[in-house]
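Enquirer: I'd like to ask you about the structure that follows.
Residue numbers (our numbering): 30 to 216.
Written out as structure tokens, the structure reads:
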């Protein structure tokens, strides 16, 4: 059985100073519980899962520390975690490892070409991030989330399969997190 993340214990251990009940505090602030978690924690755990895939592949290339694969996985990992925009094709900089000018976008492509698991894990992460930002109706959102869950679980990448199970366990909370609250709860 693959591990899943217990968000309730996780959020209560990360909130400082300690609060009696993190769910009540967040709900009184006008936010749904999972909306806060989803923004701050789930994305972080998804990046951690991607990083674990990167580290697994890095260990495969650790015999030759001068290889292009080792360099990219070790020193340019940042390209996996932030948006590399279209303009990053145009702006080229001299890279001392490769000894020629190369764009950030091209370096990102080179990293993703190292291993299919890394490329697939990165694509799953990006799809979830776009799902999280896209505006759509609830039926489409549910359908897209179900497809994402299936794709995570069927990826055959242990780190992503675990994230898929976590998404599945928190499916309804994820859907609810996109509902906006129009009235503030007071006590």
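Glycine residues also receive a C-beta, built at the ideal position from the N, C-alpha and C atoms.
Quick caveat, the model's predicted, so the values are computed rather than measured.
Just to confirm before moving on: does the CB-CB distance between residue 147 and residue 83 stay below 8 Å?
Expert: For this step, residue 147 is matched to residue 118 along the chain shown. For this step, residue 83 is matched to residue 54 along the chain shown. Yes; because the gap between Cβ atoms is below 8 Å, this pair is in contact.
Enquirer: Which residue comes first and which comes last in the beta strand (DSSP E) that contains residue 81?
Expert: Against the chain shown, residue 81 aligns to sequence position 52. Unbroken run through residue 81 is the alpha helix (DSSP H), 72 to 89; no beta strand (DSSP E).
Enquirer: Please report how far the alpha carbon of residue 182 lies from the alpha carbon of residue 157, in whole angstroms.
Expert: As a working note, residue 182 is residue 153 in the chain shown. As a working note, residue 157 is residue 128 in the chain shown. Spanning the two alpha carbons is a distance of roughly 13 Å.
Enquirer: Opposite residue 131 in the DSSP bridges: which residues?
Expert: The sequence position of residue 131 within the chain shown is 102, counting from 1. BP columns for residue 131 point to 122.
Enquirer: Assign residue 176 to buried or exposed, taking buried as 16 or more other Cβ atoms, counted over all protein chains shown, within 10 Å of its Cβ.
Expert: Position 147 of the chain shown, counting from 1, holds the residue named residue 176. So residue 176 ends up on the exposed side.
Enquirer: If we call anything under 8 Å between Cβ atoms a contact, is residue 144 one with residue 86?
Expert: Here residue 144 refers to the residue found at position 115 of the chain shown. Here residue 86 refers to the residue found at position 57 of the chain shown. Yes, the Cβ-Cβ distance between residue 144 and residue 86 is below 8 Å.
Enquirer: Tell me which residue opens and which closes the alpha helix (DSSP H) that residue 205 is part of.
Expert: For the purposes of this step, residue 205 is taken as residue 176 along the chain shown, with counting starting at 1. Where residue 205 is concerned, the enclosing alpha helix (DSSP H) stretches over 200 to 205.
Enquirer: Let's test the definition: count the other Cβ atoms within 10 Å of the Cβ of residue 166 and tell me whether it reaches 16, buried, or not, exposed.
Expert: Here residue 166 is taken as the residue at index 137 of the chain shown, counted from 1. The residue in question, residue 166, is exposed, as its Cβ has fewer than 16 Cβ neighbours within 10 Å.
Enquirer: Exposed or buried, residue 206, counting other C-beta atoms within 10 Å across all chains shown (16 or more means buried)?
Expert: Here residue 206 refers to the residue found at position 177 of the chain shown. Buried, since its Cβ has 16 or more Cβ neighbours within 10 Å.
Enquirer: Where does residue 106 sit, in a helix, a strand or coil, going by DSSP?
Expert: Start at 1 with the first residue of the chain shown, and residue 106 comes out as number 77. If DSSP states are grouped into helix, strand and coil, residue 106 belongs with the helices.
Enquirer: Could you check the C-alpha separation between residue 132 and residue 90 for me, to the nearest Å?
Expert: Numbered from 1 along the chain shown, position 103 holds the residue referred to as residue 132. Numbered from 1 along the chain shown, position 61 holds the residue referred to as residue 90. Each residue's Cα considered, the two are about 23 Å apart.
Enquirer: Using CA coordinates, which residue listed in 88, 162, 179, 105 is at the minimum distance from residue 138?
Expert: Start at 1 with the first residue of the chain shown, and residue 138 comes out as number 109. Out of 88, 162, 179, 105, 105 has the C-alpha closest to the C-alpha of residue 138.
Enquirer: By how many angstroms is the C-alpha of residue 129 removed from the C-alpha of residue 49?
Expert: Taking the chain shown and counting its residues from 1, the one referred to as residue 49 is at position 20. Taking the chain shown and counting its residues from 1, the one referred to as residue 129 is at position 100. Residue placement at residue 49 is poorly supported in this model, since its pLDDT is 46, which falls under 50; the coordinates are not used for a value here.
Enquirer: I need the straight-line Cα distance from residue 191 to residue 126, nearest angstrom please.
Expert: For the purposes of this step, residue 191 is taken as the residue at position 162 of the chain shown. For the purposes of this step, residue 126 is taken as the residue at position 97 of the chain shown. Computed Cα separation, rounded: 35 Å.
Enquirer: Could you tell me how far apart the beta carbons of residue 19 and residue 153 are, in whole angstroms, since I believe they sit closer than 8 Å?
Expert: Look at the range of the chain in this structure, 30 to 216, and you will see that residue 19 is not part of it.
Enquirer: Which whole-angstrom value describes the C-beta separation of residue 78 and residue 202, a residue pair presumed to lie in contact below a C-beta threshold of 8 Å?
Expert: Looking up residue 78 in the chain shown gives position 49. Looking up residue 202 in the chain shown gives position 173. Between residue 202 and residue 78 the Cβ distance is about 19 Å, and since that is not below 8 Å, they are no contact.
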